[in-house]
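The listed protein sequences correspond, in order, to chains A and B. Whatever position you read off the first sequence (first residue = 1), add 25 for our numbering. Whatever position you read off the second sequence (first residue = 1), add 25 for our numbering. A virtual CB, placed ideally from N, CA and C, is assigned to each residue, including glycine. Everything below concerns the one structure shown next.
Number of protein chains: 2
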Amino acid sequence: MVFSGHQERYITLAKPRLRIIPFGGTGEIGKNMTLLEYGNSIIVVDCGVMFPEETMPGIDLVIPDVTYLLDKKKKVKAFFITHGHEDHIGALPYILPLFDVPVYSTALTIGLITVKLRERRLLDSSDLRTITHGQRIEAGPFNVEFFSVAHSVPDASGLAIRTPVGTVVHTGDFKIDLTPVESKPTDMGALARLGTEGVQVLLADSTGVERPGYTPSESTVGPAFDEIMRNSPGRVIVATFASLISRIQQVINKSAKYDRKVAVVGRSMIQNVNMALDLGYLHDPGDTIQPWEKIMNLAPNKLTIMTTGAQGEPTSALSRMANRDHRQITIRTGDTVVLSATPIPGNEELVSRNIDNLFRLGANVIYGADAKVHVSGHPGREELKMLLSVTRPKFLVPVHGEVRHLILHGRMAETLGIPADHILIPENGRVMEFSPDSARFVGHVPASNVFVDGLGVGNIGDVVLRDRVHLSQDGVVIAVITLNRRTGKPVNRPDIVSRGFVDDVDDPIIEGGRDLLYRSLQHTHANTSAEPVYVQNKARDILQKHFFTKTKRRPMVLSVVVEV
Amino acid sequence: MVFSGHQERYITLAKPRLRIIPFGGTGEIGKNMTLLEYGNSIIVVDCGVMFPEETMPGIDLVIPDVTYLLDKKKKVKAFFITHGHEDHIGALPYILPLFDVPVYSTALTIGLITVKLRERRLLDSSDLRTITHGQRIEAGPFNVEFFSVAHSVPDASGLAIRTPVGTVVHTGDFKIDLTPVESKPTDMGALARLGTEGVQVLLADSTGVERPGYTPSESTVGPAFDEIMRNSPGRVIVATFASLISRIQQVINKSAKYDRKVAVVGRSMIQNVNMALDLGYLHDPGDTIQPWEKIMNLAPNKLTIMTTGAQGEPTSALSRMANRDHRQITIRTGDTVVLSATPIPGNEELVSRNIDNLFRLGANVIYGADAKVHVSGHPGREELKMLLSVTRPKFLVPVHGEVRHLILHGRMAETLGIPADHILIPENGRVMEFSPDSARFVGHVPASNVFVDGLGVGNIGDVVLRDRVHLSQDGVVIAVITLNRRTGKPVNRPDIVSRGFVDDVDDPIIEGGRDLLYRSLQHTHANTSAEPVYVQNKARDILQKHFFTKTKRRPMVLSVVVEV
Numbered sequence: 026m027v028f029s030g031h032q033e034r035y036i037t038l039a040k041p042r043l044r045i046i047p048f049g050g051t052g053e054i055g056k057n058m059t060l061l062e063y064g065n066s067i068i069v070v071d072c073g074v075m076f077p078e079e080t081m082p083g084i085d086l087v088i089p090d091v092t093y094l095l096d097k098k099k100k101v102k103a104f105f106i107t108h109g110h111e112d113h114i115g116a117l118p119y120i121l122p123l124f125d126v127p128v129y130s131t132a133l134t135i136g137l138i139t140v141k142l143r144e145r146r147l148l149d150s151s152d153l154r155t156i157t158h159g160q161r162i163e164a165g166p167f168n169v170e171f172f173s174v175a176h177s178v179p180d181a182s183g184l185a186i187r188t189p190v191g192t193v194v195h196t197g198d199f200k201i202d203l204t205p206v207e208s209k210p211t212d213m214g215a216l217a218r219l220g221t222e223g224v225q226v227l228l229a230d231s232t233g234v235e236r237p238g239y240t241p242s243e244s245t246v247g248p249a250f251d252e253i254m255r256n257s258p259g260r261v262i263v264a265t266f267a268s269l270i271s272r273i274q275q276v277i278n279k280s281a282k283y284d285r286k287v288a289v290v291g292r293s294m295i296q297n298v299n300m301a302l303d304l305g306y307l308h309d310p311g312d313t314i315q316p317w318e319k320i321m322n323l324a325p326n327k328l329t330i331m332t333t334g335a336q337g338e339p340t341s342a343l344s345r346m347a348n349r350d351h352r353q354i355t356i357r358t359g360d361t362v363v364l365s366a367t368p369i370p371g372n373e374e375l376v377s378r379n380i381d382n383l384f385r386l387g388a389n390v391i392y393g394a395d396a397k398v399h400v401s402g403h404p405g406r407e408e409l410k411m412l413l414s415v416t417r418p419k420f421l422v423p424v425h426g427e428v429r430h431l432i433l434h435g436r437m438a439e440t441l442g443i444p445a446d447h448i449l450i451p452e453n454g455r456v457m458e459f460s461p462d463s464a465r466f467v468g469h470v471p472a473s474n475v476f477v478d479g480l481g482v483g484n485i486g487d488v489v490l491r492d493r494v495h496l497s498q499d500g501v502v503i504a505v506i507t508l509n510r511r512t513g514k515p516v517n518r519p520d521i522v523s524r525g526f527v528d529d530v531d532d533p534i535i536e537g538g539r540d541l542l543y544r545s546l547q548h549t550h551a552n553t554s555a556e557p558v559y560v561q562n563k564a565r566d567i568l569q570k571h572f573f574t575k576t577k578r579r580p581m582v583l584s585v586v587v588e589v
Numbered sequence: 026m027v028f029s030g031h032q033e034r035y036i037t038l039a040k041p042r043l044r045i046i047p048f049g050g051t052g053e054i055g056k057n058m059t060l061l062e063y064g065n066s067i068i069v070v071d072c073g074v075m076f077p078e079e080t081m082p083g084i085d086l087v088i089p090d091v092t093y094l095l096d097k098k099k100k101v102k103a104f105f106i107t108h109g110h111e112d113h114i115g116a117l118p119y120i121l122p123l124f125d126v127p128v129y130s131t132a133l134t135i136g137l138i139t140v141k142l143r144e145r146r147l148l149d150s151s152d153l154r155t156i157t158h159g160q161r162i163e164a165g166p167f168n169v170e171f172f173s174v175a176h177s178v179p180d181a182s183g184l185a186i187r188t189p190v191g192t193v194v195h196t197g198d199f200k201i202d203l204t205p206v207e208s209k210p211t212d213m214g215a216l217a218r219l220g221t222e223g224v225q226v227l228l229a230d231s232t233g234v235e236r237p238g239y240t241p242s243e244s245t246v247g248p249a250f251d252e253i254m255r256n257s258p259g260r261v262i263v264a265t266f267a268s269l270i271s272r273i274q275q276v277i278n279k280s281a282k283y284d285r286k287v288a289v290v291g292r293s294m295i296q297n298v299n300m301a302l303d304l305g306y307l308h309d310p311g312d313t314i315q316p317w318e319k320i321m322n323l324a325p326n327k328l329t330i331m332t333t334g335a336q337g338e339p340t341s342a343l344s345r346m347a348n349r350d351h352r353q354i355t356i357r358t359g360d361t362v363v364l365s366a367t368p369i370p371g372n373e374e375l376v377s378r379n380i381d382n383l384f385r386l387g388a389n390v391i392y393g394a395d396a397k398v399h400v401s402g403h404p405g406r407e408e409l410k411m412l413l414s415v416t417r418p419k420f421l422v423p424v425h426g427e428v429r430h431l432i433l434h435g436r437m438a439e440t441l442g443i444p445a446d447h448i449l450i451p452e453n454g455r456v457m458e459f460s461p462d463s464a465r466f467v468g469h470v471p472a473s474n475v476f477v478d479g480l481g482v483g484n485i486g487d488v489v490l491r492d493r494v495h496l497s498q499d500g501v502v503i504a505v506i507t508l509n510r511r512t513g514k515p516v517n518r519p520d521i522v523s524r525g526f527v528d529d530v531d532d533p534i535i536e537g538g539r540d541l542l543y544r545s546l547q548h549t550h551a552n553t554s555a556e557p558v559y560v561q562n563k564a565r566d567i568l569q570k571h572f573f574t575k576t577k578r579r580p581m582v583l584s585v586v587v588e589v
């Protein structure tokens with residue numbers, strides 16, 4: 026297999042060929058956005074966000090870098106969205122307003138995008154177009170067919186994109202689930218037909234490649250919820266993702282079966298449930314869903330609460346409940362809390378904290394793989410083999426996952442007989458160029474992480490993040506030095522303020538620093554050496570050394586010189 | 026079961042009864058230290074450290090709070106150590122010098138403690154005493170018998186502590202492994218004998234209670250390593266814990282079998298391997314272990330490298346190799362890297378990053394549960410049931426684990442017929458009092474986390490940590506205001522310095538803040554309102570509001586007033 030890191034980097038200016046460029050935040054490759062470019066046309070597949078890693082403190086979201094797209098703005102024909110998860114639609118409010126082009130997707134996906142754009146008052150200026158599976162859209166030299174795939178949100182799609190160099194199949198996020206819930210199965214017939222027609226390039230989801238075998242069907246969580254609704258002595262509180270409509274449906278069905286009413290709690294989940302009910306993607310078997318206020322006084326064993334916070338998000342409804350900080354719901358002995366999700370890497374500590382606090386409040390908490398209350402939405406290894414066998418692509422580009430997933434996916438494909446040089450392992454922003462009989466890497470486009478922090482988009486760079494990490498490690502010390510402009514000597518002992526460094530403002534280490542600094546600056550020679558910048562740097566160096574000697578810590582030291 | 030959080034808090038001053046007090050860092054209960062107190066005597070079981078959580082930035086280690094022990098210093102008779110892992114011995118360098126008492130443990134454990142104390146030049150002043158399994162030590166009214174348990178370090182012990190109110194059994198960390206490697210199995214005979222004699226209180230490891238069934242034996246990793254050593258085309262680099270002597274032995278054995286020499290790389294692993302060889306806990310079947318320099322030029326398939334860094338620790342040998350920053354070893358295509366460990370919660374991101382980087386450098390990486398290169402050292406649910414059936418304790422105190430593990434352990438014990446009010450779920454610092462026929466919670470002793478940061482021990486409090494977290498989120502802004510002492514008005518535009526807030530020092534948001542502040546302070550009335558503290562607070566408020574309005578971020582704002 027050909028790994029992008031191992032090949033020469035050059036840009037070719039040859040005749041039009043198909044270019045494919047993946048974008049993604051943090052470590053994942055091609056997760057959030059993919060560009061297809063041919064001649065004077067570009068189409069965009071997906072437009073999502075990543076959630077920040079530990080090394081990005083204070084950052085709200087990470088969105089794809091669209092420098093390249095903006096440079097070629099006139100070429101952009103349309104956005105095609107595979108499904109309605111944040112990591113595929115969440116960047117639309119930031120990026121869509123920059124381009125005057127339509128967005129195509131299925132009804133539920135357009136519904137989820139609508140909720141998002143309406144909140145930002147961007148709905149009226151957006152051109153959203155609902156398609157159905159099987160439909161084909163022309164966009165320049167591209168012809169895009171949506172086909173149904175099963176995933177953890179209904180109405181998910183894979184794309185078959187006919188281009189002048191052959192058909193590109195992009196799986197989107199998928200699993201081969203033949204018994205999904207309120208959702209269509211992956212259209213194996215379409216995949217087989219495409220395989221027969223000939224697939225030039227397959228871009229395939231690698232997220233689950235570490236897992237052997239097949240991912241269990243969504244319907245396998247039914248029996249676990251049946252037992253929970255039947256046997257729990259009190260209220261059942263189920264936390265899952267707001268977009269996991271199929272899961273919400275199962276909770277509603279099993280609640281109804283055992284005469285429980287369901288209250289939906291949490292803004293994003295209420296919005297999504299209402300939208301999915303309106304569009305017919307969620308069904309209420311008979312007044313089961315009720316506002317909390319109307320049913321809060323029912324017997325506890327007649328109550329189910331659906332809410333968000335399965336990932337431990339600190340401001341979510343479930344985290345508030347665990348911290349006795351929820352406006353409406355107080356956890357009490359006899360409650361059963363179900364975490365119907367697997368913690369995303371990095372969220373384990375937050376999720377554990379919630380589980381512990383819920384147990385402390387007397388709840389029974391059902392969580393973890395043994396509880397069988399969650400299944401993955403991504404394919405295991407045998408499903409990926411099935412996909413390859415059915416589509417028989419000429420070239421394979423593993424996407425969605427970190428580099429290890431892509432490489433493992435590529436290796437597995439080699440065992441199925443795909444030649445090593447027909448498997449391309451990209452990195453984000455790496456340009457792949459395809460002709461009818463070749464595939465190669467031909468350069469790079471900008472693909473750094475663009476950070477959203479508060480109202481700011483892209484105005485947070487690596488220096489700011491490095492400073493934040495530094496500040497968090499040992500805190501900050503600020504020295505304010507008042508210099509006599511004439512003599513270049515300090516007028517009095519410097520002021521020192523610190524935060525996050527030592528407990529006590531009168532700490533002898535701080536006081537020692539003040540004395541040392543005052544003494545040292547007394548001996549500064551007047552004239553050039555008393556330049557404020559010189560004094561400022563000298564003061565910083567003196568204090569850094571002093572603090573490190575005394576504490577073996579390295580706070581950030583800032584010095585400000587005031588001349589009077 | 027009786028949960029400490031749900032009972033009245035009071036201190037009793039009745040006649041001598043047995044008190045047991047657990048201590049632990051972060052979320053784990055009783056993990057790092059346990060006190061047993063009877064009349065005028067206290068013994069200490071274990072003395073370990075915890076590694077800091079995400080909410081403790083910059084902290085190196087967390088050690089137990091010994092306020093209570095220092096208050097009763099004269100009562101302290103001895104330290105008894107169950108095994109040589111950091112979370113059971115790591116705090117000895119900080120705590121042992123405060124008490125002039127002996128430390129008892131098995132030979133390998135004393136060896137690991139020796140390495141640690143020698144490094145800190147504390148060995149000569151310490152009284153370390155090696156015991157053998159089956160031996161009994163008198164310490165005031167306590168009689169302490171060590172018995173063998175299997176764990177992921179050899180020579181681990183459980184303790185049977187005879188006291189005037191009955192026998193207390195503390196399992197330490199254990200699993201019921203009947204085929205361990207270079208290590209003794211858990212002494213089921215001793216446990217059965219104790220059960221027959223009568224166990225008053227059982228303190229038992231709850232870490233693995235979420236796992237159904239039995240934990241696989243250490244010997245089950247042998248076949249996986251056999252295959253790896255036989256089939257890998259180049260060098261094999263195995264990363265594991267420096268104390269996992271049994272694992273190191275298996276790697277040595279399988280390397281020798283396929284004619285590979287083994288180089289040990291990384292300071293802590295070299296120290297431990299040498300010590301274990303000296304004490305006879307590790308065996309070299311015939312010049313297999315060699316210094317790196319001597320074997321570095323052998324054919325790659327004749328080489329194994331044993332190293333640390335399986336947890337992604339940034340300064341470990343493996344992380345350096347993954348980042349092309351290791352002095353001696355450069356990862357290349359054909360290398361096989363084996364991660365023989367499970368990431369500790371919180372380390373997942375670091376471990377993933379290393380795996381990705383190793384793949385990028387061309388290595389094959391073997392990791393994860395499917396690879397069968399690691400097994401847990403803690404008991405699964407069926408082993409805990411076995412322990413309860415064999416020891417038949419009157420009272421059960423689940424320890425080692427977070428509160429959810431303790432509660433799940435307690436519930437499981439109820440299903441085995443232990444009465445609910447005979448199961449005590451403690452928190453750290455909670456005092457449990459036992460008589461021959463009763464058990465209850467009787468108060469609290471100080472048990473906060475004591476932080477080690479650089480040279481400082483315990484001089485970092487919650488305010489410092491809160492400040493560090495705040496600083497990491499949105500950075501810091503410092504305003505320096507020079508006031509005319511007479512008029513109370515600013516002499517010139519204030520200086521503003523920021524770090525971790527916005528990218529550019531000349532950012533219009535910062536400049537806007539300067540202008541706004543200057544204008545506002547112009548209108549300060551002279552006399553009382555021009556007190557520096559008043560101006561300082563006003564400046565802070567103005568800037569906080571300004572920055573939040575403009576950015577929706579909340580940097581820490583500090584203001585310093587200089588009067589001239």
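Margin query: Please report whether the beta-carbon of residue 497/B lies at a distance below 8 Å from any beta-carbon of chain A.
Written below: Position 472 of the second sequence, counting from 1, holds the residue named residue 497/B. Yes, residue 497/B counts as interfacial toward chain A.
Note to self: One question on the structure: do residue 235/B and residue 393/A come within less than 8 Å of each other, judged by their Cβ atoms?
What the structure shows: Translated into the one-based positions of the second sequence, residue 235/B becomes position 210. Translated into the one-based positions of the first sequence, residue 393/A becomes position 368. Taking 8 Å as the Cβ cut-off, residue 235/B and residue 393/A qualify as a contacting pair.
Notebook entry, point to check: Taking residue 473/B as the reference, which of 90/B, 128/B, 238/B has the closest Cα?
Noted result: For the purposes of this step, residue 473/B is identified with residue 448 of the second sequence, where counting begins at 1. The shortest C-alpha separation from residue 473/B is found at 90/B.
Note to self: Using the three-state DSSP reduction, which class does residue 518/A fall into: helix, strand or coil?
What the structure shows: Against the first sequence, residue 518/A aligns to sequence position 493. If DSSP states are grouped into helix, strand and coil, residue 518/A belongs with coil.
Notebook entry, point to check: Hey, out of 55/B, 541/B, 50/B, whose CA is closest to residue 457/B's CA?
Noted result: Walking along the second sequence from the start, residue 457/B turns up at place 432. Checking every option, the nearest Cα to that of residue 457/B belongs to 55/B.
Next item on the list: Spell out whether any CB of chain B is found under 8 Å from the CB atom of residue 437/A.
Entry: Start at 1 with the first residue of the first sequence, and residue 437/A comes out as number 412. Residue 437/A does not count as touching chain B.
Next item on the list: State the DSSP-derived secondary structure class of residue 331/B, mapped to helix, strand or coil.
Entry: Within the second sequence, the letter at position 306 stands for residue 331/B. The answer is strand: DSSP assigns residue 331/B an E or B state.
Next item on the list: Output yes or no for whether 8 Å exceeds the beta carbon distance between residue 116/A and residue 168/A.
Entry: As a working mapping, residue 116/A is identified with position 91 in the first sequence. As a working mapping, residue 168/A is identified with position 143 in the first sequence. No, Cβ-Cβ distance for residue 116/A and residue 168/A is not below 8 Å.
Next item on the list: Taking C-beta pairs closer than 8 Å, name the residues in chain A that residue 286/B reaches, listed in chain order.
Entry: By 1-based counting over the second sequence, the position of residue 286/B is 261. Result: empty, since nearest Cβ-Cβ is about 28 Å, beyond 8 Å.
Note to self: How far does the beta strand (DSSP E) with residue 364/A in it extend, from its first residue to its last?
What the structure shows: Residue numbering aside, residue 364/A sits at position 339 when the first sequence is read from its first letter. That run of the beta strand (DSSP E) goes 361 to 364.
Notebook entry, point to check: Out of 94/A, 71/A, 105/A, 103/A, which has the shortest C-alpha to C-alpha gap to residue 111/A?
Noted result: The residue you call residue 111/A lines up with position 86 of the first sequence. When only C-alpha atoms are compared, the closest one is 71/A.
Note to self: If we define contact as Cβ-Cβ less than 8 Å, is residue 377/A a contact residue for chain B?
What the structure shows: Counting from one through the first sequence, the residue named residue 377/A turns up at place 352. Interface residue, yes.
Note to self: Do residue 182/A and residue 240/A count as a contact pair if the criterion is CB distance below 8 Å?
What the structure shows: Here residue 240/A corresponds to residue number 215 of the first sequence, with the count starting at 1. Here residue 182/A corresponds to residue number 157 of the first sequence, with the count starting at 1. The answer is no: Cβ separation not under 8 Å.
Next item on the list: May I have the straight-line CA-CA distance separating residue 76/A from residue 211/B, to the nearest angstrom?
Entry: Start at 1 with the first residue of the first sequence, and residue 76/A comes out as number 51. Start at 1 with the first residue of the second sequence, and residue 211/B comes out as number 186. Cα to Cα, the separation comes out at about 45 Å.
Item checked: Min CB distance residue 577/A to chain B below 8 Å -> The residue labelled residue 577/A in the question sits at position 552 within the first sequence. Cβ-Cβ to chain B under 8 Å: yes for residue 577/A.
Note to self: What does the alpha-carbon distance come out to for the pair residue 200/B and residue 295/A?
What the structure shows: Mapped onto the second sequence, residue 200/B falls at position 175. Mapped onto the first sequence, residue 295/A falls at position 270. Computed Cα separation, rounded: 46 Å.
Check: Near residue 541/A, which residues of its chain fall below 7 Å by C-beta distance, leaving aside the five closest residues on each side in sequence?
Finding: Against the first sequence, residue 541/A aligns to sequence position 516. 567, 571.
Margin query: Please report the straight-line C-alpha distance between residue 508/B and residue 519/B, rounded to a whole angstrom.
Written below: Here residue 508/B refers to the residue found at position 483 of the second sequence. Here residue 519/B refers to the residue found at position 494 of the second sequence. Going from the Cα of residue 508/B to the Cα of residue 519/B covers about 9 Å.
Notebook entry, point to check: Got a sec: which bits of the region 578 to 589 of chain B sit with their beta carbon under 7 Å from any beta carbon on chain A, in order along the chain?
Noted result: 578, 581, 583, 585, 587, 589
Checklist line | Rounded Cβ spacing between residue 545/B and residue 535/B (contact assumed at less than 8 Å) | finding: Locating residue 545/B in the second sequence gives position 520, counting from the first residue. Locating residue 535/B in the second sequence gives position 510, counting from the first residue. Going by Cβ atoms, the distance from residue 545/B to residue 535/B rounds to 16 Å, so no, they are not a contact pair.
Checklist line | Contact set between residue 440/B and chain A, taken where Cβ atoms lie within less than 9 Å | finding: By one-based count along the second sequence, residue 440/B stands at place 415. Here the premise fails: no neighbours, minimum Cβ distance about 14 Å.
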